[in-house]
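Engineer: Chains as they are written, first to last, in the working numbering: chain A, 1 to 286; chain B, 1 to 286. Mind looking over this structure? Questions follow.
2 protein chains.
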Amino acid sequence: MLGAIEAGGTKFVLAVGPAPDRLVARHVIPTRAPAETLAEAAAWFAAQGGVSALGIGSFGPLELDRQSPKWGHITTTPKPGWADCDIAGFFAGVLGVPVGFDTDVNAAAIAEHAAARRPGGSLAYLTIGTGIGGGVVLEGRPVHGIAHPEIGHIYPRRHPQDANFAGICPHHGDCLEGLASGPAILARWGRPLSELPTDHPAHAIIADYIAQACYTLFATVAVGEVVIGGGVAQTPGLIERVAERARALDAGYLPGGKRHAVIRPRLDGDSGIVGAMMLAEAAART
Amino acid sequence: MLGAIEAGGTKFVLAVGPAPDRLVARHVIPTRAPAETLAEAAAWFAAQGGVSALGIGSFGPLELDRQSPKWGHITTTPKPGWADCDIAGFFAGVLGVPVGFDTDVNAAAIAEHAAARRPGGSLAYLTIGTGIGGGVVLEGRPVHGIAHPEIGHIYPRRHPQDANFAGICPHHGDCLEGLASGPAILARWGRPLSELPTDHPAHAIIADYIAQACYTLFATVAVGEVVIGGGVAQTPGLIERVAERARALDAGYLPGGKRHAVIRPRLDGDSGIVGAMMLAEAAART
Chain A
1 MLGAIEAGGT KFVLAVGPAP DRLVARHVIP TRAPAETLAE AAAWFAAQGG
51 VSALGIGSFG PLELDRQSPK WGHITTTPKP GWADCDIAGF FAGVLGVPVG
101 FDTDVNAAAI AEHAAARRPG GSLAYLTIGT GIGGGVVLEG RPVHGIAHPE
151 IGHIYPRRHP QDANFAGICP HHGDCLEGLA SGPAILARWG RPLSELPTDH
201 PAHAIIADYI AQACYTLFAT VAVGEVVIGG GVAQTPGLIE RVAERARALD
251 AGYLPGGKRH AVIRPRLDGD SGIVGAMMLA EAAART
Chain B
1 MLGAIEAGGT KFVLAVGPAP DRLVARHVIP TRAPAETLAE AAAWFAAQGG
51 VSALGIGSFG PLELDRQSPK WGHITTTPKP GWADCDIAGF FAGVLGVPVG
101 FDTDVNAAAI AEHAAARRPG GSLAYLTIGT GIGGGVVLEG RPVHGIAHPE
151 IGHIYPRRHP QDANFAGICP HHGDCLEGLA SGPAILARWG RPLSELPTDH
201 PAHAIIADYI AQACYTLFAT VAVGEVVIGG GVAQTPGLIE RVAERARALD
251 AGYLPGGKRH AVIRPRLDGD SGIVGAMMLA EAAART
């Protein structure tokens, strides 16, 4: 049996199953201090009869360099208690099994790539919610570079109808996350995007910022699809607006542009946990 | 003997040598219509005694999908006569040898990756000249995605002291190439950047646009280095300004940020032709 954890800032999703697409049990626990959260997760896996390998897709930033002594750690997060937490090492020790480890969004991108059934394909997964994050799969492989993608922190051009909002990112002010995340929407309009009238300018403004991220991914590394999940992305009509705006930004120029797509997750809300199962499967093979 | 072509819009650089870092002869011909340019190049290789494999790093856009019947073609370029030119097929036919084929900037990125002597490293190569292009190597592999990078066409934020220039890109107006290429600099200031006084605001404006591209590459795919070549990049002090501005945009946030670098090419002006030699070497092995 494979085990998987989708480790988020507010909840941990746990699952077990014989294969990534066959989850036979699932459990959600609230994220508290590391010691109690990790112990509760380990106890749940033990109660399922144990696992032969574990995959973890985690909030970050993470150390993913296998050569580093800090591999498997959450690194510099401002989340109290979690900085420098050796999450992969904890489970490797307590469960005694191989552990696969990547960002939550790379895990989701890996799962969406598999679900697309185009081996060797290239896509990005963006989550637009409490924060904005992105994972990238290029020619079938998750991208790490020298660390991992942090697409939420690129700087989109300011929308002309949104010139006076300073943005809420503590590091960058008006980066993508500072402008288009759920809390950024609440900060200037007082309600979630899905509760604003369909003729409210917020819809075009937020779609424009997300579309700029999509176009940037098409232009910089030529992904074919951008898959968009997360709470804000549930807003009716948003994905269609983003797709239309991204096409306008391209203006028919980019090679491969006819195959560009901006879509909802094929796995609905399961991209992250299925991706973590795939990390477990890969860890079991090594 | 390996052969290499760096195929540019104004000139073709041709070279032969027993290994990528050992060029024993080199020749430059002006780019004219495809038939005469390609025939002259083929004649030069024949005069060198022939080659066992050829690598081509070409201006684009290109078809790089090995499954496509159009593999090896320049596709939609506005350059008269060159659209739909089967450049790789021409040389495969006339020379009867294996041909490696990639963008000029991916070739340069491959060569700079090798010159950095960090196998599995991640970097981007930007050329800032008549146009702006970029190649990307991630974890040791050149990036193609579903086509190839076109980093010159991302949209940087407009600099506050450069608000009134519309940009010169025929597709996007004020994309990076439309704002920061050599012709864009000439269009609004009448002289190349290197001939403007050191206290002219153009230096900070152009550095800001290029720095946004660097930061975008750090944030989206976590390259460790951005190597910047091309005519505009020769301007004294520019690379240092770009590096400083890219650090300011990061604001200490990105994982791996301490290892970020913005640098001149290790191979000076030879990145492209050496990269094309490496494409030949790889083609000879397959």
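For glycine and all other residues, C-beta sits at the position ideal for the given N, C-alpha and C. Everything numeric in this text was worked out from a predicted model, so none of it was measured.
At the 8 angstroms Cβ level, is Arg66 (chain A) part of the contact set with chain B, yes or no?
Structural biologist: no
Engineer: Which two residues bound the contiguous alpha helix (DSSP H) that contains Pro18 (chain B)?
Structural biologist: Element bounds for Pro18 (chain B): n/a, residue is neither H nor E.
Engineer: With a Cβ-Cβ cutoff of 8 angstroms, do Pro119 (chain B) and Gly135 (chain B) count as a contact?
Structural biologist: no
Engineer: Would you tell me roughly how many angstroms separate the C-alpha atoms of Pro236 (chain A) and Thr198 (chain A), rounded to the nearest one?
Structural biologist: 9 angstroms
Engineer: With DSSP as the reference, label His171 (chain B) as helix, strand or coil.
Structural biologist: coil
Engineer: Alpha carbon to alpha carbon, what distance is there between Ser68 (chain A) and Gly256 (chain B)?
Structural biologist: 12 angstroms
Engineer: Cα-Cα, which of A:Arg259, A:Leu267, A:Thr37, A:His153 is closest to Ile87 (chain A)?
Structural biologist: A:Thr37
Engineer: Where DSSP assigns a beta bridge to Lys11 (chain A), which residues make up the other side?
Structural biologist: A:Pro30
Engineer: Among all the DSSP beta bridges, which residues are the ones paired with Ala4 (chain B)?
Structural biologist: B:Ala15, B:Gly55
Engineer: In terms of alpha-carbon separation, which member of B:Arg22, B:His27, B:Asp208 lies closest to Phe45 (chain B)?
Structural biologist: Closest option to Phe45 (chain B), judged by alpha-carbon separation, among B:Arg22, B:His27, B:Asp208: B:His27.
Engineer: Look at the Cβ atom of Gly17 (chain B), then the Cβ atom of Met277 (chain B), and state whether they are nearer than 8 angstroms.
Structural biologist: yes
Engineer: In whole angstroms, what is the alpha-carbon distance linking Ala207 (chain B) and Gly190 (chain B)?
Structural biologist: 18 angstroms
Engineer: Is there contact between the segment 241-248 of chain A and the segment 170-180 of chain A, where contact requires at least three CB pairs shorter than 8 angstroms?
Structural biologist: no
Engineer: Which chain A residues are close to Gln161 (chain B), counting only those with a beta carbon under 9 angstroms from its beta carbon?
Structural biologist: Near Gln161 (chain B) there are no residues of chain A at all, since even the closest Cβ is about 16 angstroms away, more than 9 angstroms.
Engineer: Among the candidates B:Gly89, B:Pro265, B:Pro201, B:Asp250, whose CA atom is the shortest distance from the CA of Gly231 (chain B)?
Structural biologist: B:Pro265
Engineer: Among B:Ser52, B:Leu64, B:Pro149, which has the Cα closest to the Cα of Ala280 (chain B)?
Structural biologist: The shortest Cα separation from Ala280 (chain B) among B:Ser52, B:Leu64, B:Pro149 belongs to B:Ser52.
Engineer: Whose Cβ in chain A lies nearer than 7 angstroms to the Cβ of Ile151 (chain B)?
Structural biologist: Ala219, Thr220
Engineer: Taking 8 angstroms as the CB-CB cut-off, is Glu139 (chain A) touching chain B?
Structural biologist: yes
Engineer: Identify, in the order they occur along the chain, each residue of the same chain with its Cβ nearer than 7 angstroms to the Cβ of Ala219 (chain A), setting aside the five sequence neighbours on each side.
Structural biologist: Excluding the 5 residues flanking it on each side, Ala219 (chain A) has same chain C-beta neighbours closer than 7 angstroms at Leu254, in chain order.
Engineer: Could you give the residue range of the beta strand (DSSP E) that holds Thr286 (chain B)?
Structural biologist: That residue, Thr286 (chain B), is in no beta strand (DSSP E); it is neither H nor E in DSSP.
Engineer: Counting only Cβ pairs nearer than 8 angstroms, list the residues of chain A close to Gln212 (chain B).
Structural biologist: Within chain A, the C-beta atoms nearer than 8 angstroms to that of Gln212 (chain B) come from Tyr155, in chain order.
Engineer: Residues in the segment 159-183 of chain A with C-beta within 7 angstroms of chain B's C-beta atoms, listed in sequence order?
Structural biologist: His171, His172
Engineer: Identify the contact partners of Ser122 (chain B) in chain A, using a Cβ-Cβ distance below 7 angstroms as the criterion.
Structural biologist: Gly145, Ile146
Engineer: Rounded to the nearest angstrom, what separates Pro183 (chain B) and Leu193 (chain B) at their Cα positions?
Structural biologist: 10 angstroms
Engineer: So, at 8 angstroms on beta carbons, what are the nonlocal neighbours of Ala19 (chain B) in its own chain, with the 5 sequence-adjacent residues on each side left out?
Structural biologist: Within the same chain, Ala19 (chain B) has close Cβ partners Leu2, Met277, Glu281.
Engineer: Could you check the C-alpha separation between Ala299 (chain A) and Leu64 (chain A) for me, to the nearest Å?
Structural biologist: Here chain A comprises residues numbered 1 to 286, so residue 299 (chain A) is not present and cannot be evaluated.
Engineer: What distance in whole Å lies between the Cβ atoms of Ile128 (chain B) and Ala233 (chain B), which are believed to be in contact at a cut-off of 8 angstroms?
Structural biologist: About 5 angstroms separates the two Cβ atoms, so the contact holds.
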